[in-house]
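Counting along the sequence shown from 1, when you hit position 22 you're at 22 in the numbering used here, and nothing is skipped either side.
Yeah, the Cβ is synthetic: ideal placement off N, Cα and C, and Gly gets one too.
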Amino acid sequence: MRYVRVVVDGLEESGRYGIVEGETIRIIKDSPLFFPPEDAGIKVSLSAVRKFLPP
Numbered sequence: 001m002r003y004v005r006v007v008v009d010g011l012e013e014s015g016r017y018g019i020v021e022g023e024t025i026r027i028i029k030d031s032p033l034f035f036p037p038e039d040a041g042i043k044v045s046l047s048a049v050r051k052f053l054p055p
């Protein structure tokens, strides 16, 4: 499982952490240390990612 921090087009939670799952990223609300994967939110396509940020 790989955690990333991304800016996503059209997503209010841009700049948040996500979990890479194949060709999608499941957005989580904050740091992966405090929100386990089962608390994750929506999934977005990797093509919707505008840029990756440092962790």
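Rounded separation between residue i and residue j - CA only
i   : j   : result
E23 : L46 : 6 Å
V44 : L53 : 16 Å
V8  : R16 : 9 Å
Terminal residues of the beta strand (DSSP E) in which residue i lies
i   : result
S45 : 43-45
E23 : Note, E23: premise wrong, no beta strand (DSSP E); not H, not E.
Best match in the options for proximity to residue i [C-alpha to C-alpha]
i    : options          : result
I116 : I25, M1, Y3      : Residue 116 lies beyond the residue range present for the chain, which begins at 1 and ends at 55; the question has no answer from this structure.
E21  : A48, D9, K51, R2 : R2
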